[in-house]
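The next block holds one structure in the form of structure tokens; read it before the comments.
Number of protein chains: 2
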Amino acid sequence: MAIDHLDGRLIVLLAREPRIGVLEASRRLGVARGTVQARMDRLQSNGVIRGFGPDVDPAALGYPVTAFATLEIKQGQGADVRAHLATVAEVLELHTITGHGDMLCRLVARSNADLQRVIDRVVGFDGIVRASTAIVMENPVPLRIIPLVEQASDDTEPG
Amino acid sequence: MAIDHLDGRLIVLLAREPRIGVLEASRRLGVARGTVQARMDRLQSNGVIRGFGPDVDPAALGYPVTAFATLEIKQGQGADVRAHLATVAEVLELHTITGHGDMLCRLVARSNADLQRVIDRVVGFDGIVRASTAIVMENPVPLRIIPLVEQASDDTEPG
DNA sequence: TATTCGCTGGGCAATATGCGCAGCAGAACA
DNA sequence: TGTTCTGCTGCGCATATTGCCCAGCGAATA
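Sequence lines, in order, name chains A and B. The first sequence begins at 1 in my numbering and counts up by one. The second sequence begins at 1 in my numbering and counts up by one.
Encoded structure:
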């Protein structure tokens, strides 16, 4: 479950040079090829590494606007709302949360005007009582995981 | 900029079988190897595909708790706050959003109790006036991009 | 009509992969 | 103290893939 320092270095290396081969990775890390192979297998069957899916930029696809919407759901309609939102391609992720509002979702749109269409599509569903939207202006820290990986691997093996 | 249907199929294929080679991809798509190579190069230099970084699961690293925090920032302290949050490994992403100079960030923690430590760390900074946190309970739609890719490629080439 | 562009299909040397193997050091354990 | 695991090493081999070249060809374009 926990990762050691070699795992951490391997993940960082993979993040930096994603299309690197096992052999080259073993050279960079200074370990045997079989070791890298075994570590990668373990990390993947552990679920630490879910996959190596291509990291697609919505903006480059023509969806440069990102927003977060907090949704208030009618009692007992949760499952229907989830199913509805799953069918909307512009809904990139959906969470159920504590506190004010019941769900939080990340939306993308082709423009600010187009965002209105997306929101209408999202909230145009019976179970949704109210939606409150915040448009993203800047993204000073894009989604990242490497610092956490380094922290986790340092926790395990301080050397 | 826009992607055609072949690009879409290629991205979907890469998403489904990430460690696939160029040759195998060309066989699956029924096109020449050079074509796949050229498309991949183009998608990457376009910025449509940012990379193939390993998709690491924070939960498997020992951080199963996710939360979103909305921050209220003291006027003119934005840059300092951004720099501060960038140093906190548990801050996985940070956005500035519309409203009153506010920010939205995604946090992870080792437990609900540990989340308190993270929040203290986040808000224990001069420029932050107030923080409101929503803990994620379920994640019905994990971060995804494939439906949007399919939509974008269908827009371009309906056939 | 001439040109450009993207795709095809082939060939080539160099490289990487998947796989198996034995040896070895350290840790756990009786 | 001796035994058993476990993980890493370093090696070899057959096969598959890569990176790079080329000429031809059809469609769109000037």
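All residues carry an ideal CB built from backbone N, CA and C; glycine is no exception. In this text, all values refer to a predicted model and were calculated from it rather than measured experimentally.
Asked, Found
"Which of the three DSSP states, helix, strand or coil, is assigned to A:Pro-64?", "coil"
"Got a sec: is the Cβ-Cβ distance from A:Arg-82 to anything in chain B below 8 Å?", "yes"
"A:Pro-158 CB to nearest chain B CB: under 8 Å?", "Legend: pLDDT at A:Pro-158 = 44, less than 50; position of this residue unreliable, value from coordinates given subsequently. Cβ-Cβ to chain B under 8 Å: no for A:Pro-158."
"Residues in the same chain with beta-carbon distance under 8 Å from B:Tyr-63, minus the five sequence neighbours each way, listed in chain order, please.", "Glu-90, Val-108, Ala-109 and Arg-110"
"B:Leu-143 by DSSP, collapsed to three states: which one?", "coil"
"Which of the three DSSP states, helix, strand or coil, is assigned to A:Glu-17?", "coil"
"Using the beta-carbon of each residue, which ones in chain A are nearer than 7 Å to B:Ala-25?", "Chain A residues near B:Ala-25: none, gap ~12 Å exceeds 7 Å."
"I'd like the span of the alpha helix (DSSP H) that includes A:Gly-25, first residue to last.", "The question names Gly, but residue 25 of chain A is Ala in the sequence shown. Start and end: 22–29."
"For A:Glu-72, which residues does DSSP report across the bridge?", "A:Arg-130"
"For B:Thr-96, which option in B:Arg-121, B:Ala-69, B:Ile-119 and B:Arg-117 has the closest C-alpha, if you only look at C-alpha atoms?", "B:Ala-69"
"Do you know offhand how far B:Leu-94's Cα is from B:Glu-150's?", "27 Å"
"Taking the alpha-carbon of A:Gly-99 as reference, which of A:Ala-86, A:Ile-73, A:His-84 and A:Met-137 has the nearest alpha-carbon?", "A:Ile-73"
"With 16 as the cutoff for other CB atoms within 10 Å, does B:Gly-76 come out buried or exposed?", "exposed"
"Return the CA-CA distance between A:Arg-82 and A:Asp-154, expressed in angstroms with no decimal places.", "38 Å"
"Among the residues of its own chain, which have a CB less than 7 Å from the CB of A:Asp-7, if the five just before and after it don't count?", "Arg-39, Leu-43 and Ser-153"
"Secondary structure at B:Gly-8, three-state DSSP: helix, strand or coil?", "helix"
"With DSSP run on the structure shown, which of helix, strand or coil describes A:Asp-102?", "coil"
"Below 8 Å, how does it come out for the region 46–58 of chain A and the region 41–55 of chain B: are there three or more Cβ pairs, yes or no?", "yes"
"For B:Ala-79, count neighbouring Cβ atoms within 10 angstroms of its own Cβ and tell me buried if that reaches 16, exposed if not.", "exposed"
"Whole-angstrom Cβ separation of A:Gly-134 and B:Leu-92, contact assumed at under 8 Å?", "It should be noted that the sequence gives Ala, not Gly, for residue 134 of chain A. Going by Cβ atoms, the distance from A:Ala-134 to B:Leu-92 rounds to 18 Å, so no, they are not a contact pair."
"Where does B:Glu-157 fall in DSSP's three states?", "Low confidence applies to B:Glu-157: its pLDDT is 47, below 50, so where it sits in the model is not reliable enough to give any reading."
"Taking Cβ positions only, does A:Ile-3 come closer than 8 Å to chain B?", "yes"
"Find the residues of chain A that neighbour B:Pro-147, judging by a C-beta separation of less than 7 Å, and give them in chain order.", "Ala-89"
"Any C-beta of chain B sitting closer than 8 Å to the C-beta of A:Val-136?", "yes"
"Output needed in chain order: residues of the region 38–58 of chain B with a Cβ under 7 Å from some Cβ in chain A.", "Asn-46, Gly-47, Val-48, Ile-49, Arg-50, Gly-51, Phe-52, Gly-53, Pro-54, Asp-55, Val-56, Asp-57 and Pro-58"
"Could you check where the alpha helix (DSSP H) with A:Arg-110 kicks off and where it finishes?", "Here A:Arg-110 belongs to no alpha helix (DSSP H), and DSSP marks it neither H nor E."
"At 8 Å on the CB atoms, spell out the chain B contacts of A:Arg-144, in chain order.", "Leu-92 and Glu-93"
"Which residues share a DSSP beta bridge with B:Asp-55?", "A:Gly-51"
"At the 8 Å Cβ level, is B:Gly-127 part of the contact set with chain A, yes or no?", "no"
"Could you tell me if B:Ala-32 is buried or exposed, where buried requires 16 or more neighbouring beta carbons within 10 angstroms of its beta carbon?", "exposed"
"List the residues of chain A whose Cβ lies closer than 9 Å to the Cβ of B:Thr-35, in chain order.", "Within chain A, no residue comes near B:Thr-35; the closest Cβ sits about 17 Å away, beyond 9 Å."
"With a threshold of 8 Å between beta-carbons, can B:Ala-131 be considered close to chain A, or not?", "no"
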